[in-house]
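Below is one structure; the comments refer to it alone.
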Amino acid sequence: MISDMNADKFAKFSAIAGGVGIAILLFGMALDILKWILPFGGFIITCFTCLIWPVFFIGFLGAVLGIVLGIVALVKGTEEKKMMAFLGIGLGAGYFFLVIAWAIISIFAPW
2 MISDMNADKF AKFSAIAGGV GIAILLFGMA LDILKWILPF GGFIITCFTC
52 LIWPVFFIGF LGAVLGIVLG IVALVKGTEE KKMMAFLGIG LGAGYFFLVI
102 AWAIISIFAP W
């Protein structure tokens, strides 16, 4: 069983994991943009392409963890921590919306 105290910890970790997922996604997006903008793009591509997909995957894990822990905290947590659980769920879901937006931008981008 999950106690109220553990559920409150889950709410905190949910918000942290969701925030880390978004931050890592933005870092990966910046790497993707830099490889097209900077001179010597071929060098940048060979150096950073190997980093982009692991970065997105780690961000994905953070987003999923934020959503799952947030749901657990919503069900079992105290009233004070439910807002933090909503934050974790929102940040985790925001990750997926940003990924979809980035995919659409990448398709239609001039670079």
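With this note's numbering, the residue at position 90 of the sequence shown is 91, and numbering never jumps.
Every residue, glycine too, gets a C-beta built ideally from N, C-alpha and C.
Item, Value
"Minimum length 3: unbroken beta strand (DSSP E) runs contained in the region 11-90", "none"
"Inter-stretch contact (C-beta, 8 Å, three-pair minimum) for the region 93-106 and the region 73-84", "no"
"From 6, 23 and 107, residue whose alpha carbon lies closest to that of residue 60", "23"
"Euclidean distance between Cα positions of residue 15 and residue 29", "21 Å"
"Cβ separation of residue 25 and residue 56, assumed to be a contact under 8 Å, to the nearest whole Å", "6 Å"
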